[in-house]
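Asks: Quick one: the structure is below, questions incoming.
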């Protein structure tokens with residue numbers, strides 16, 4: 001009778017699984033609960049943080065905004081000897097942030113663009 | 001323990017008591033916990049942010065699914081073999097960088113070049129690159145009998161090193177590659193057709209074609225049948241006359257080719273490529289496979305399952321994005337999802353032990 | 001170890017019930033392994049437990065030792081109900097078992113094995129183990145049993161028979177009241193068997209109850225007081241050994257099926273088909289085996305476990321590494337360096353370990369049937385579902401496999417039906433030579449008959465069948481000739497019609 005032999009272990013990565021179904025159920029429930037807590041925490045603290053780096057100008061406070069919104073532009077920073085000419089996506093001020101069209105999809109840092117007087 | 005379970009099973013056939021019914025419902029809930037969570041999440045999100053069910057959002061989810069599908073189709077084969085492949089993301093990165101460096105208008109990596117080579121030549125080149133990495137993986141797994149985890153852990157490091165050195169080439173100095181040629185971008189992200197005024201990009205079509213091809217390979221070829229046989233019992237496959245080594249190597253090579261396609265599409269899709277491109281893609285792909293029922297037990301899996309897995313994962317990520325959940329939290333959520341998917345997968349096969 | 005001189009030797013004999021198992025039931029999926037079985041062992045007696053392979057003897061013992069949970073029934077030890085959860089618990093309550101397959105730590109020495117799990121301490125207060133106490137205690141038990149083994153000898157250096165003696169000594173050292181011997185003589189020489197019987201007699205006179213499981217009827221009739229016979233998981237009879245004859249035992253063991261356990265042999269032996277010359281293996285003791293198998297012939301391969309039967313087939317089929325030797329099929333030399341090559345050369349092999357190297361447990365019947373002959377189902381580069389399912393259907397019908405559908409996972413079938421699926425797999429490759437390693441292992445009696453019939457049908461089609469089996473009646477009933485292996489060498493070749501089990505056993509012991 002084949003059944004009289006000890007059962008062959010499962011193959012693959014679960015070769016040496018050493019847990020009963022009952023314990024595994026508890027593990028799954030705990031993990032699901034943890035996932036739900038993460039969801040809840042994420043939703044409770046929802047919003048993307050937009051940080052502003054004024055690159056030498058006066059400091060600008062970061063703000064939280066929701067997905068798909070237009071940027072609520074903060075008060076323009078000031079820098080001696082320069083004129084502020086808008087926010088950029090990168091430090092080299094090559095890609096400007098389009099205030100009319102661009103929407104927020106993630107947390108990010110915007111950099112101030114300066115023109116010499 | 002096992003006998004007890006079987007005894008309980010036999011009883012449930014003869015007559016269902018309330019307790020048995022409860023147990024069955026519990027089984028059902030636990031085995032489908034992943035799907036239930038995702039459905040609940042979708043319902044919650046669509047109530048909270050109705051735009052989530054809007055046309056642009058749906059097209060966005062489909063496009064994202066299409067972009068992540070090829071890599072998952074490749075990794076699926078490795079998982080069927082009871083293995084895994086964690087070099088996938090880096091291969092995507094390498095092939096994306098190669099594509100972006102050649103099909104460009106700036107030629108920072110190769111300053112001597114003046115015009116981009118034909119697109120299909122570049123495509124062949126990246127497919128070859130992916131295949132070579134796959135060959136190394138497959139050969140080591142098949143011949144040295146190393147665990148795929150260890151093998152691909154090493155190759156992903158090697159590939160990452162190559163990416164970094166490659167990006168230092170010429171005048172690029174490790175910068176992000178951008179300024180891709182219009183032909184390349186149009187080929188990948190051009191409009192396939194429009195629903196209303198929302199454009200569906202071409203790579204959705206490519207993903208569909210790849211899915212069909214992989215379905216045929218898995219279900220209609222000797223290679224596919226052999227792959228499942230090797231995955232479910234390597235020894236028996238050998239005795240049955242299956243060329244086990246060749247099958248394993250081919251699975252990894254095919255996977256490498258799929259990563260290469262992902263990389264080729266990804267650099268055009270994002271319009272740039274750098275050393276971080278493709279990073280952690282394998283996590284999403286493995287999670288998608290496991291959610292889609294490709295089991296680590298080996299020898300089990302369906303293409304349709306992988307498609308559903310990728311889709312579900314993208315839905316939940318897009319949904320969390322709509323809720324403006326922070327990216328850092330997304331990492332934790334991804335990790336938990338993989339753990340839960342594995343635990344549920346394990347549970348399915350433990351019960352039947 | 002103090003001697004149990006106080007044991008009420010004669011007084012207990014034949015009267016007081018030591019162990020009583022009542023109405024034991026045990027089911028496995030699809031199989032009722034034990035059906036209301038009872039067993040009563042009296043103190044100071046040897047109680048033989050007999051039955052064919054799969055009759056449920058081992059299952060019954062495993063229920064006693066808590067390896068399996070019985071579904072229902074009661075076990076009483078000296079009138080007290082017990083329900084052991086582990087064999088350790090059983091041991092501590094005076095129930096020991098000498099296993100057929102020895103589970104010993106081979107890298108350790110004799111006394112380490114004897115006292116494993118209960119090493120004596122230097123004193124009550126000092127947790128260090130005491131080598132000297134261990135040595136003395138071991139020596140004492142050995143002297144008592146007249147076992148001449150150095151307690152400091154490493155297990156792996158000793159022959160199997162001595163290791164078995166150690167196992168018996170271990171059971172005795174637990175002061176066990178009930179000792180189960182499971183096929184204790186299968187690896188012992190005649191002299192050692194005599195020694196074992198002396199030990200058993202001594203234990204009996206001390207008032208122990210002995211359960212003796214064996215296939216060897218002479219032994220049973222010689223040593224035992226009572227005999228319980230089981231068949232197909234059921235209790236058939238318990239009789240005093242004095243009232244039994246060998247024929248009576250066979251009749252009880254086999255039941256009414258005695259007359260037609262094997263199908264009628266109507267295969268015609270033809271021309272030589274397979275010729276093997278001087279086959280030796282690299283990684284096993286297989287040495288210089290030569291033989292010829294003819295078309296239409298069922299050639300049996302007999303021998304003890306480890307005699308090289310399986311290795312012989314594996315070497316012919318190319319899944320074990322060959323050192324030297326030549327294989328000719330129809331006069332043409334074939335290399336058979338791998339299973340694939342052998343397959344192309346029209347060889348097929350059914351392996352011994354069905355679960356490990358036979359079935360793809362989680363794959364369906366179709367995948368399991370067609371895996372070896374996939375190229376045949378191609379239409380262009382792709383496999384045709386129609387052809388796949390046609391061939392699978394043929395396999396199911398030809399083998400009379402009982403399965404709900406082609407899409408059923410093979411692991412849900414019974415052992416016999418799994419074996420039929422694998423046979424179908426090989427037949428679809430249209431082999432000339434079939435190598436069958438224990439084709440009926442773990443299969444119920446009814447299915448065995450069908451497998452025998454299939455084997456004979458194959459022979460009738462002009463194929464050569466090589467069949468390894470540990471069950472000698474099976475070889476005698478199905479084969480035309482029988483090769484007897486011993487110690488990796490071919491000890492002899494006998495005609496199945498004229499030979500006897502004794503002749504085969506003598507040959508099997510030739511180089512062992």
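Protein chains in written order, with the numbering used here: chain A, 1 to 117; chain B, 1 to 353; chain C, 1 to 512.
Note that CB positions come from ideal geometry on N, CA and C, so glycine has one too.
1. Using 8 Å as the threshold, is the region 348 to 365 of chain C in touch with the region 230 to 238 of chain B, meaning 3 or more CB pairs across them?
2. Keeping to the same chain, check which residues put their C-beta closer than 8 Å to that of residue 258(C); ignore five residues upstream and five downstream.
3. Could you tell me which chain A residues have their CB closer than 7 Å to the CB of residue 274(B), listed as they occur along the chain?
4. Taking 7 Å as the CB-CB limit, is residue 329(B) close to chain A?
5. Note down the Cα distance separating residue 490(C) from residue 294(C), rounded to an integer number of angstroms.
6. Can you check whether the C-beta of residue 257(C) is within less than 7 Å of a C-beta belonging to chain B?
7. Classify residue 419(C): buried if its beta carbon has 16 or more other beta carbons within 10 angstroms, exposed otherwise.
8. Roughly how many angstroms separate the alpha carbons of residue 403(C) and residue 393(C), rounded to a whole number?
9. Please confirm whether residue 374(C) has its beta-carbon closer than 7 Å to some beta-carbon of chain B.
10. Compute the Euclidean distance between the alpha carbons of residue 341(B) and residue 286(B), then round it to the nearest angstrom.
11. Any residues in the region 316 to 346 of chain B with a beta carbon nearer than 9 Å to a beta carbon of chain A? Which ones, in chain order?
12. Within its chain, find whatever has a CB closer than 7 Å to the CB of residue 103(A); leave out the 5 residues flanking it on each side and keep chain order.
13. Report the residues of the region 21 to 40 of chain B with a CB closer than 8 Å to any CB of chain A, ordered along the chain.
14. Please determine if the region 72 to 81 of chain B and the region 282 to 296 of chain B are in contact, where contact requires at least 3 C-beta pairs separated by less than 8 Å.
15. Count the other CB atoms, across all protein chains shown, that sit within 10 Å of the CB of residue 240(C); report buried if there are 16 or more and exposed otherwise.
16. Express the C-alpha separation of residue 297(C) and residue 465(C) in angstroms, rounding to a whole number.
17. So the alpha helix (DSSP H) residue 219(B) belongs to, where does it begin and stop?
18. Looking at the C-beta of residue 351(C), does it have a partner C-beta in chain B at a distance below 7 Å?
19. Run through chain C and tell me which residues come within less than 7 Å of residue 145(B), C-beta to C-beta.
20. Taking the alpha carbon of residue 469(C) as the point to measure from, which residue in 372(C), 452(C) and 373(C) has its own alpha carbon closest?
21. From 149(C), 248(C) and 170(C), pick the residue whose C-alpha is nearest to that of residue 162(C); which is it?
22. Of all the residues that make up the region 23 to 37 of chain A, which are near chain B by a beta-carbon distance shorter than 7 Å?
23. Taking the C-alpha atoms as reference points, what is the distance between residue 484(C) and residue 292(C)?
24. Under a three-way DSSP split, which group does residue 314(B) fall into?
25. Hey, how far is the Cα of residue 35(A) from the Cα of residue 53(A)?
26. Can you list, in chain order, the residues of its chain whose CB lies under 6 Å from that of residue 352(B), leaving out five sequence neighbours each side?
27. Listed in chain order, which residues of the region 56 to 82 of chain C have Cβ atoms closer than 8 Å to some Cβ of chain B?
28. Give me the Cα-Cα distance between residue 104(C) and residue 265(B), rounded to the nearest whole angstrom.
29. Taking all protein chains shown into account, do 16 or more other C-beta atoms lie within 10 angstroms of the C-beta of residue 211(B), making it buried, or fewer, making it exposed?
30. Are residue 172(B) and residue 108(B) close, meaning C-beta to C-beta below 7 Å?
31. Return the bridge partner residues of residue 508(C) from the DSSP annotation.
32. Is the beta carbon of residue 245(C) closer than 7 Å to that of residue 49(C)?
33. In chain A, which residues lie less than 8 Å from residue 312(B) when you measure between Cβ atoms?
34. Please report the distance separating the alpha-carbon of residue 438(C) from that of residue 309(C).
35. Does the distance from the CB of residue 114(B) to the CB of residue 133(B) come in under 7 Å?
Replies: Checking against the coordinates, here is how it stands:
1. yes
2. Your numbering for residue 258(C) matches position 258 in the third chain. Legend: pLDDT at residue 258(C) = 48, less than 50; position of this residue unreliable, no value from coordinates given.
3. Translated into the one-based positions of the second chain, residue 274(B) becomes position 274. Neighbours of residue 274(B) on chain A: none; closest Cβ ~13 Å, over 7 Å.
4. Locating residue 329(B) in the second chain gives position 329, where the first residue counts as 1. Yes - at least one Cβ of chain A is within 7 Å of the one on residue 329(B).
5. Looking up residue 490(C) in the third chain gives position 490. Looking up residue 294(C) in the third chain gives position 294. Those two C-alpha atoms are separated by around 18 Å.
6. Along the third chain, read from residue 1 onward, the residue named residue 257(C) stands at position 257. Unreliable positioning characterises residue 257(C) in this predicted model, as indicated by a pLDDT of 49, which lies under 50. The coordinate reading is nonetheless provided below. With 7 Å as the cut-off, residue 257(C) does not count as an interface residue toward chain B.
7. Within the third chain, the letter at position 419 stands for residue 419(C). Per the 10 Å Cβ criterion, buried.
8. One-based indexing of the third chain puts residue 403(C) at position 403. One-based indexing of the third chain puts residue 393(C) at position 393. Rounded to the nearest angstrom, the two C-alpha atoms are 11 Å apart.
9. One-based indexing of the third chain puts residue 374(C) at position 374. By this cut-off, residue 374(C) is an interface position.
10. On the second chain, position 341 is the one that residue 341(B) refers to. On the second chain, position 286 is the one that residue 286(B) refers to. Those two C-alpha atoms are separated by around 10 Å.
11. 320, 321, 322, 323, 324, 325, 326, 327, 328, 329, 330, 332, 333, 336, 337, 339, 340, 342, 343, 344, 345 and 346
12. Locating residue 103(A) in the first chain gives position 103, where the first residue counts as 1. The residues are 68, 69 and 70.
13. 26, 30, 33 and 37
14. yes
15. Locating residue 240(C) in the third chain gives position 240, counting from the first residue. Exposed: under 16 other Cβ atoms inside 10 Å.
16. As a working note, residue 465(C) is residue 465 in the third chain. As a working note, residue 297(C) is residue 297 in the third chain. Each residue's Cα considered, the two are about 6 Å apart.
17. The residue given as residue 219(B) occupies position 219 in the second chain. From DSSP, the alpha helix (DSSP H) with residue 219(B) extends over 203 to 220.
18. Taking the third chain and counting its residues from 1, one reaches residue 351(C) at position 351. So yes, residue 351(C) belongs to the interface.
19. Against the second chain, residue 145(B) aligns to sequence position 145. What residue 145(B) touches in chain C: nothing, since even the nearest Cβ is about 16 Å away.
20. To locate residue 469(C), count along the third chain from 1; it is residue 469. The shortest Cα separation from residue 469(C) among 372(C), 452(C) and 373(C) belongs to 452(C).
21. One-based indexing of the third chain puts residue 162(C) at position 162. The shortest Cα separation from residue 162(C) among 149(C), 248(C) and 170(C) belongs to 149(C).
22. 24, 25, 27, 28, 31, 32, 34 and 35
23. For the purposes of this step, residue 484(C) is taken as the residue at position 484 of the third chain. For the purposes of this step, residue 292(C) is taken as the residue at position 292 of the third chain. About 14 Å.
24. What you label residue 314(B) is simply residue 314 of the second chain in a count that begins at 1. Three-state result, residue 314(B): helix.
25. Residue numbering aside, residue 35(A) sits at position 35 when the first chain is read from its first letter. Residue numbering aside, residue 53(A) sits at position 53 when the first chain is read from its first letter. Distance between the alpha carbons of residue 35(A) and residue 53(A): 34 Å.
26. Sequence index remark: in the second chain, residue 352(B) carries index 352 (1-based). Residue confidence for residue 352(B) is low, a pLDDT of 46 falling below 50, so the modelled location carries little weight; the figure read from the coordinates is stated next. Around residue 352(B): no qualifying Cβ.
27. 68, 69 and 71
28. In the third chain, the residue the question calls residue 104(C) occupies position 104. In the second chain, the residue the question calls residue 265(B) occupies position 265. Computed Cα separation, rounded: 60 Å.
29. For this step, residue 211(B) is matched to residue 211 along the second chain. It counts as buried.
30. Position 172 of the second chain holds residue 172(B). Position 108 of the second chain holds residue 108(B). Yes; because the gap between Cβ atoms is below 7 Å, this pair is in contact.
31. By 1-based counting over the third chain, the position of residue 508(C) is 508. Beta-bridge pairing links residue 508(C) to no other residue.
32. As a first step, residue 49(C) is located in the third chain; it is residue number 49 there, counting from the start. As a first step, residue 245(C) is located in the third chain; it is residue number 245 there, counting from the start. Going by C-beta atoms, residue 49(C) is not nearer than 7 Å to residue 245(C).
33. Working through the second chain from its first residue, we reach residue 312(B) at position 312. Here the premise fails: no neighbours, minimum Cβ distance about 14 Å.
34. Indexing the third chain from 1 puts residue 438(C) at position 438. Indexing the third chain from 1 puts residue 309(C) at position 309. Using only the alpha carbons, I get a separation of about 10 Å.
35. Position 114 of the second chain, counted from the start, is the residue given in the question as residue 114(B). Position 133 of the second chain, counted from the start, is the residue given in the question as residue 133(B). No. Outside cutoff.
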